[in-house]
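Undergrad: This is the structure, below, for whatever I ask next.
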Amino acid sequence: ALPNFVLLFADDLGFGDLGFAGHPTSLTPNLDRLAAHGLRFTDFYATSPVCSPSRASLLTGRYQTRSGIYPGVLYPGSKGGLPLNETTIAEVLKPLGYATAMMGKWHLGYGANGTYLPTRQGFDHYLGIPYSHDMGPCHNLTCFPPDVKCYGSCDVGTVTVPLMNGETITQQPVDFVNLEDSYSTFATEFIRSSAQKSQPFFLYYPSHHTHYPQFAGWKSVGRTLRGPFGDALLEFDSTVGNILHTLKETGVLNNTLVFFTADNGPELMRMSRGGNAGLLKCGKGTTYEGGMREPAIAYWSGVIKPGVTHSLSSTLDILPTFARLAGAPLPDVQLDGVDMIDILFNHGAGQRKAMFYYPVDPSEKYGVFAVRMGKYKAHYYTRGSTHSDPNPDKDCQIISLLKYHDPPLLYDLESDPSEHYSLSVK
Amino acid sequence: HPELVSVLQNISQLKDEFESSMQFGESEIGKGTDRNLEPCCNPQCSPKPECCHCGTTH
């Protein structure tokens, strides 16, 4: 039988945020279980330190510069979106008979009459918010029950955030308190329906958690020591648990690859309401490790041997991996991803030789800001970011303007993952 | 540290090869925004954006 795929994608989640990563007050029992029984990646990268470009790369296996999802992110009224001639993972799998569904945060465009919605990019079913859930006024909305208003005002002067079912808006503004329950139900029904029909499936769940403003429903509110961020993370983790439970209950767990990672590093400007990059330098918006290196887990019960891999890998590699496992042809375009089969099944070194770090605003003039090859990383340019601003490390702050390095700053990420000690190459 | 010089040379070569093969697509985000494209559950309503309000029970 063709394997099923579940792709879990957290939002603004840092390298140090999860329980298995050592965070002392996060509560993530299901992700911890995935990590314990799956293959945990220590050197896994998103392609951008912000959201839309990172998601474009995840779904297409191509750097965002090729698809045009730069600079920055898409907005509710954006005219553009992920071009329809880009081939997504869903479109790779559909011709093989896969059922495809997505719930959560799209953020790859809305456009005139929903031109860029997931339903136009290979997903049979969609339930979610088509962009970030802070992209609409939220100061009057309830983020935690019984009636704790969302922290901050989010984006004002625009429409309130909609919930879409397919291409229809079913709620506006969205009800944050019950949103995750809707997602859990959606996922459960999709998996059950596909399993009953013995149809292979692809479920993509890009969560809104743990992006600002954090929210959670009755089952998670107040349950962690970490506060709002921890409660939101717990709610995400609970949905992961529900998905795993349903996979097991429907008898398809042993034929399903579950892959978990996140879009970019923590938004440190939110301080204790933002995430935590752990020992990595800086966070969202920067090309330091904290901006783009992410926790990642591949779990396939009875197929992938549990363990830890230090192989260099990226969200770019997910499309080629799923395609190879399903026996699907690759899109006839320049891909930047390579399949991770050797890593997943042999704990091997993998095919990826390098990772290129594009800033939030890539340009042909400046090119990539940094390159990782093996254990070494060279910074050609560095710059702080508002997203990482109040961090005590000045390099992360907005006052650290664009700086060219000649020779490049060179770090050995195996002995110095925090990028503290530049190696002398004068 | 001659070995580090060699590492940097290799990285720079990789970077050059990668960048010379990179074809930038037209920026989708650079196309700008149009307030009329913002999703509204009641597209004909007025005044926007306040009137875009549907189906929320909470």
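Line by line, the protein sequences give chains F and D.
Here the first sequence stands for residues 1115 to 1540, numbered as in this note's numbering.
Here the second sequence stands for residues 7 to 64, numbered as in this note's numbering.
We put the CB at the ideal spot given by N, CA and C, even for glycine.
Does G1404 (chain F) pass the burial test, meaning 16 or more other C-beta atoms within 10 Å, or should it be called exposed?
TA: G1404 (chain F) is buried by the Cβ-count criterion.
Undergrad: Tell me the start and end of each unbroken beta strand (DSSP E) in the stretch 1388-1449 of chain F that is at least 3 residues and wholly inside, in chain order.
TA: Entirely contained in the stretch 1388-1449 of chain F, the beta strand (DSSP E) runs reaching 3 residues are, in chain order, 1407-1413, 1421-1423.
Undergrad: Pick helix, strand or coil for R1234 (chain F), following the three-state DSSP scheme.
TA: The answer is helix: DSSP assigns R1234 (chain F) an H, G or I state.
Undergrad: Using a Cβ cut-off of 9 Å, pull out every chain F residue sitting near C3 (chain D), in sequence order please.
TA: With chain D running from 7 to 64 in the structure shown, residue 3 (chain D) is simply not present.
Undergrad: Can you find the residues in the same chain that come closer than 8 Å, C-beta to C-beta, to E23 (chain D), ignoring five residues on each side of it along the sequence?
TA: Cβ neighbours of E23 (chain D) beyond the five flanking positions: none.
Undergrad: Taking Q88 (chain D) as the query, report the chain F residues whose CB atoms sit under 9 Å from its CB, ordered along the chain.
TA: Not covered by the structure: residue 88 (chain D). The range shown for chain D is 7 to 64.
Undergrad: At least one CB of chain D closer than 9 Å to the CB of S1166 (chain F): is that the case?
TA: It does: the Cβ of S1166 (chain F) has a partner Cβ on chain D nearer than 9 Å.
Undergrad: Do G1223 (chain F) and G1195 (chain F) have their beta-carbon atoms positioned less than 9 Å apart in this structure?
TA: Going by C-beta atoms, G1195 (chain F) is nearer than 9 Å to G1223 (chain F).
Undergrad: For A1226 (chain F), which residues in chain D fall below 8 Å Cβ to Cβ?
TA: Going along chain D in sequence order, the residues near A1226 (chain F) (Cβ under 8 Å) are L43.
Undergrad: Could you pull the start and end residues of the beta strand (DSSP E) that K1362 (chain F) belongs to?
TA: Unbroken run through K1362 (chain F) is the alpha helix (DSSP H), 1342-1363; no beta strand (DSSP E).
Undergrad: Cβ of P55 (chain D) less than 9 Å from any chain F Cβ?
TA: It does: the Cβ of P55 (chain D) has a partner Cβ on chain F nearer than 9 Å.
Undergrad: Which value, in whole angstroms, describes the spacing of the CA atoms of W1220 (chain F) and P8 (chain D)?
TA: Approximately 47 Å, taken between the alpha carbons.
Undergrad: With distances taken from CA atoms, which of F:T1214, F:S1514, F:R1387, F:D1431 is nearest P1232 (chain F)?
TA: That would be F:T1214, whose Cα lies nearest to the Cα of P1232 (chain F).
Undergrad: Who are the neighbours of C58 (chain D) on chain F, taking C-beta pairs under 7 Å?
TA: Those within 7 Å of C58 (chain D) in chain F are V1273, T1274, Q1286.
Undergrad: How close, in whole Å, do the beta carbons of L1523 (chain F) and S1536 (chain F) come, if the pair is a contact with beta carbons under 8 Å?
TA: Rounded, the Cβ-Cβ distance is 5 Å, consistent with contact.
Undergrad: Taking Cβ positions only, does S1307 (chain F) come closer than 9 Å to chain D?
TA: No, because no Cβ of chain D sits closer than 9 Å to the Cβ of S1307 (chain F).
Undergrad: CA-CA distance, C1396 (chain F) and Q1328 (chain F)?
TA: Their backbone Cα atoms lie some 21 Å apart in a straight line.
Undergrad: Tell me R1486 (chain F)'s beta-bridge partners as DSSP assigns them.
TA: Answer is F:M1469, F:K1491, bridged to R1486 (chain F).
Undergrad: Using a Cβ cut-off of 9 Å, pull out every chain D residue sitting near S1192 (chain F), in sequence order please.
TA: The contacting residues are E34, I35, K37, G38, T39, D40, L43.
Undergrad: Using alpha carbons as the reference points, say which of F:S1427, F:S1166, F:K1491, F:T1179 lies closest to A1412 (chain F).
TA: Looking at the Cα atoms, F:S1427 is the closest of the given residues.
Undergrad: Are any of the Cβ atoms in chain D nearer than 9 Å to that of M1487 (chain F)?
TA: Yes, M1487 (chain F) lies at the interface with chain D (some Cβ there is under 9 Å from its Cβ).
Undergrad: Bridge partners for K1517 (chain F) per DSSP, in chain order?
TA: According to DSSP, which records beta bridges pairwise, K1517 (chain F) is partnered with F:T1496.
Undergrad: For the beta strand (DSSP E) holding Y1297 (chain F), just list the boundary residues, first then last.
TA: Not the beta strand (DSSP E): Y1297 (chain F) falls in the alpha helix (DSSP H), residues 1290-1310.
Undergrad: For chain F, is any of its Cβ atoms less than 9 Å away from the one on S18 (chain D)?
TA: It does; some Cβ of chain F falls within 9 Å.
Undergrad: If you check the beta carbons only, do Q1448 (chain F) and Q29 (chain D) fall under 9 Å apart?
TA: Yes. Within cutoff.
Undergrad: Grab me the residues of L1161 (chain F)'s own chain with a C-beta within less than 7 Å of its C-beta, minus the 5 sequence neighbours each way, in chain order.
TA: Sequence inspection shows Thr at residue 1161 (chain F); the Leu mentioned does not correspond to that position. Around T1161 (chain F): P1167, S1168, S1171, Y1177, Q1178, S1428, T1429, L1430, Y1472.
Undergrad: Throw me the rounded Cβ distance for the A1124 (chain F) and S1321 (chain F) pair, which I believe falls under 8 Å.
TA: About 6 Å separates the two Cβ atoms, so the contact holds.
Undergrad: Are the stretch 11-21 of chain D and the stretch 1473-1490 of chain F touching by the rule of at least three beta carbon pairs closer than 8 Å?
TA: Yes, since at least three Cβ pairs between the stretch 11-21 of chain D and the stretch 1473-1490 of chain F fall closer than 8 Å, the two stretches touch.
Undergrad: Along the stretch 1353-1365 of chain F, what residues have a CB closer than 9 Å to any CB found in chain D?
TA: Cβ contacts with chain D come from no residue of the stretch 1353-1365 of chain F.
Undergrad: Let's test the definition: count the other Cβ atoms within 10 Å of the Cβ of A1115 (chain F) and tell me whether it reaches 16, buried, or not, exposed.
TA: When all chains shown are included, A1115 (chain F) counts as exposed.
Undergrad: At the level of alpha carbons, what is the spacing between H64 (chain D) and L1293 (chain F)?
TA: Residue placement at H64 (chain D) is poorly supported in this model, since its pLDDT is 45, which falls under 50; the coordinates still yield a value, given next. Between H64 (chain D) and L1293 (chain F), the C-alpha separation is close to 11 Å.
Undergrad: So, does the CB of K1467 (chain F) fall closer than 9 Å to a CB anywhere in chain D?
TA: So, interface residue.
Undergrad: Take V1206 (chain F) as the anchor and find which of F:S1514, F:H1519, F:P1434, F:M1469 has the nearest alpha-carbon.
TA: Considering only alpha carbons, the answer is F:P1434.
Undergrad: Would you list the residues sitting across from I1283 (chain F) in a DSSP beta bridge?
TA: Answer is F:M1278, bridged to I1283 (chain F).
Undergrad: Return the CA-CA distance between C51 (chain D) and F1459 (chain F), expressed in angstroms with no decimal places.
TA: When rounded, the distance between both Cα atoms is 56 Å.
Undergrad: For chain F, check one thing: does any of its Cβ atoms lie closer than 9 Å to the Cβ of H64 (chain D)?
TA: Here H64 (chain D) scores only 45 on pLDDT, less than 50, and its place in the model should not be relied on; the value that follows carries that caveat. Closer than 9 Å: yes.
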